[in-house]
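Asks: In the numbering used here, the protein residues as written are 1 to 123.
We treat Cβ as the ideally placed atom computed from N, Cα and C, and that holds for glycine.
Pasting a structure below so you can have a look.
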């Protein structure tokens, strides 16, 4: 998260490099914490190399379908709060992902164009 200097009102945002390192370490820990994780990717300003002060991470995950886990609870084991900047995580199960990828929605086109895969196919 942003850090405030003790002697000024200046905020310092983590560098892209430090966020990339933290993202790599965080993603390496996920398979043990998130059973059924098939893919994890980053898209948005970070993936487009447009990272700037105040930028967050936009993440997408694909998991195996599991009817015992409510859709709104899928994010919990990811623990995005461990990352050094705010992160938006979208979690799709494999069936939802396949349906999205076969659609012609703006979201599908954005994910195809921008996603840099950290885990899974194309990583």
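Mind listing, in chain order, the continuous alpha helix (DSSP H) runs of no fewer than 4 residues lying wholly within the stretch 15–98?
Replies: Counting only runs of 4 or more, we get 16–33.
Asks: Spatial neighbours of residue 93 within its chain, please: C-beta separation below 6 Å, excluding the five flanking residues on both sides.
Replies: As a first step, residue 93 is located in the chain shown; it is residue number 93 there, counting from the start. The answer, listed in chain order, is 63 and 65.
Asks: How big is the Cα-Cα spacing for residue 99 and residue 54?
Replies: Numbered from its first residue, the chain shown carries residue 99 at position 99. Numbered from its first residue, the chain shown carries residue 54 at position 54. Answer to the nearest angstrom: the Cα atoms are 33 Å apart.
Asks: Can you name the start and end residues of the beta strand (DSSP E) that residue 116 belongs to?
Replies: Taking the first residue of the chain shown as 1, we reach residue 116 at position 116. Where residue 116 is concerned, the enclosing beta strand (DSSP E) stretches over 116–119.
Asks: Mind checking whether residue 75 and residue 57 have CB atoms under 9 Å apart?
Replies: By one-based count along the chain shown, residue 75 stands at place 75. By one-based count along the chain shown, residue 57 stands at place 57. Not in contact: residue 75 and residue 57 (Cβ atoms no closer than 9 Å).
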